[in-house]
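Per UniProt numbering, residue 1 is the first one in the sequence shown, and the count goes up by one each step.
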Amino acid sequence: MTDVDTTLPAATELARFHERRETTVAGPTGSLALVNTQWIDSEQPIYGVPGIWAPLSAGESGLRVTATAADNIVVDGTLVDGSAVVRGKDSDNPSEVVFSDTVRGFVIASEQGNYALRVWDAASEAIRDFGSIDRFDYNPDWVIQATFTEIPGGTTVGFEHLQENGAIRDLVVPGIIGFERDGHSYELAAFWFGQLLQLVYADATNGDSTYSVGRFLYVTPEADGTIILDFNRGVLPPCAFSYNFNCPLPPKQNRFPVAIEAGEKNVLKQDGTLLH
């Protein structure tokens, strides 16, 4: 998701991109640090951290935590001794929760308006076991110039998610990414992720040489509608690093019948075996 440094050969820049990826996923709130995501629909404890957690009134952002000073929960810099509101990431001023020197959390919101606490541990077992992100060598054949055709007002495409038993979420797709390759025409659906388009895709390598769920690619269309798909920058989804992520799955139009031998492959332990 980092801009390409055009002063460097592509393979060298890819190596630097890869190094930054490995540093990021092993960071204190990187994908390997996520140890729990627990949705709260009633007053309840949360596995692995102290306090009793409860939803707020409808329309309010976040959760309420009740704890004693001995629980050592710090919300927005203040030790909780009684109860405190932990504002969600959908708030203009989201809260941060600190449980210890290595464990912290924040609250996320669903499209339906309920909330979960995510817990991150900078000393997680996954971080301790992590060795590397396996990847293909740079492959210039998978740097493709495509065309982004905007759809006025956008359209919706149904995406399944890994932990939702086939339920479909309609996500807004602002346009279609199209190109032709080896006699096949592709029209791909991507949704906005901040200022970038997130392409969730699968190909014939999944479950063989690459992670079974698929991969992500983040791209930016140019003003003239051209868009570069550099599949060498295809990355593993967060759920490849922690089971506590609920990743979108590739929709039908984003499933390639061919092997895309470019980009990241799998997460490896220090002994070279698969992390998951």
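Idealized CB from N, CA, C, for every residue including glycine. In this text the structure is predicted, and so the values were computed from the model without any measurement.
Alpha carbon of residue i to alpha carbon of residue j, nearest angstrom
i	j	result
Gly175	Ile52	44 Å
Thr37	Gly183	44 Å
Asp127	Pro152	Correcting the residue identity first, residue 127 is Ile in this sequence and not Asp. One C-alpha to the other measures close to 44 Å.
Asp141	Asp230	9 Å
Close-in-space but distant-in-sequence residues of the same chain around residue i (CB under 7 Å, 5 per side omitted)
i	result
Leu196	Met1, Tyr218, Val219 and Thr220
Ala122	Pro28, Ala33 and Thr102
Outcome for residue i when other beta-carbon atoms lying within 10 angstroms are tallied against a minimum of 16
i	result
Ser95	buried
Pro250	buried
Lys252	exposed
Arg135	buried
Thr205	buried
Residue(s) in a DSSP beta bridge with residue i
i	result
Asn266	Asp134
Trp142	DSSP lists no partner for Trp142.
Val75	Thr78 and Val97
Phe148	Ile177
Ala189	Ile176
beta-carbon residue i near the ligand GDP non-hydrogen atom, thresh 7 Å
i	result
Asn72	You won't find the ligand GDP in this model; it holds no ligand whatsoever.
Same chain only: Cβ atoms within 6 Å of residue i, ignoring 5 sequence neighbours per side
i	result
Val74	Val98
Ser31	Val25, Pro238, Phe241 and Ser242
Leu14	Tyr138 and Asn232
Arg255	Ala202
Ile144	Phe179 and Leu229
Close beta carbons around residue i, own chain, < 8 Å, minus the five adjacent residues each side
i	result
Thr156	Asp170, Leu171, Val172 and Val173
Residue nearest to residue i in terms of C-alpha spacing, selected from the options
i	options	result
Leu236	Ile227, Phe216 and Asp224	Phe216
Glu60	Val85, Ala69 and Glu43	Val85
Asn114	Glu160, Ala69, Pro45 and Ile40	Ile40
Asn93	Val80, Ile108, Thr102 and Asn254	Ile108
Leu117	Thr23, Asn165, Gly62 and Ser124	Gly62
Asn244	Glu264, Trp120 and Gln44	Trp120
Ser209	Cys247, Ala259 and Phe193	Ala259
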